[in-house]
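Colleague: Mind having a look at this structure? Questions to follow.
Numbering (my numbering), first residue to last: 23 to 150.
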């Protein structure tokens with residue numbers, strides 16, 4: 023049997039939609055600021071930079087009025103709240119499945135359940 027591994031493969035619909043939204047926002051606004059890399063794919067990130075998407079590491083790096091894209095992985099609640107408090111122009115590209123998990127966790131926490139998240143402490147999806 024011969025096994026062929028594709029050089030590139032597609033990503034899930036949530037990431038696909040987030041990438042599409044980043045392209046659309048950059049083209050409409052002239053640029054868009056993304057809090058961290060939108061995907062774990064250097065080629066996509068570089069291509070997005072060409073159309074005006076910029077990766078930033080903090081909200082302070084986003085100029086006033088410019089669109090801030092929250093990526094498919096989700097964004098920490100404190101970051102969301104800070105961006106809202108600053109009146110930032112938020113474009114939410116969070117995957118619907120990630121939002122569903124967030125809502126389920128909130129509901130369980132309100133019931134008094136203990137929430138345990140298993141993953142790499144510093145990984146984007148765990149932080150989100």
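The beta carbon of each residue, even a glycine, is placed where N, CA and C say it ideally should be.
Given a threshold of 16 other Cβ atoms within 10 Å of its Cβ, counted over all protein chains shown, does residue 136 qualify as buried or as exposed?
Modeller: That one is exposed.
Colleague: Spatial neighbours of residue 89 within its chain, please: CB distance less than 6 Å, with the 5 preceding and 5 following residues excluded, ordered by chain position.
Modeller: So the qualifying residues of the chain are 47, 51, 54, 111, 113.
Colleague: Compare the Cα-Cα distances from residue 125 to each of 35, 74, 28, 99 and report the closest residue.
Modeller: Cα-wise, what sits closest to residue 125 is 99.
Colleague: Helix, strand or coil: how does DSSP classify residue 6 here?
Modeller: The shown model of the chain, from 23 to 150, leaves out residue 6, and the question about it has no answer.
Colleague: For residue 33, which residues from the same chain have a beta carbon less than 7 Å from its beta carbon, with the 5 sequence-adjacent residues on both sides left out?
Modeller: Answer for residue 33: 61, listed in chain order.
Colleague: Name, in chain order, the residues that DSSP records as bridge partners for residue 76.
Modeller: In DSSP, residue 76 forms a bridge with 55.
Colleague: Can you tell me where the alpha helix (DSSP H) with residue 89 in it begins and where it stops?
Modeller: That residue, residue 89, is in no alpha helix (DSSP H); its beta strand (DSSP E) goes 89–92.
Colleague: Per DSSP, which one or two residues make a beta bridge with residue 111?
Modeller: According to DSSP, residue 111 bridges with 89.
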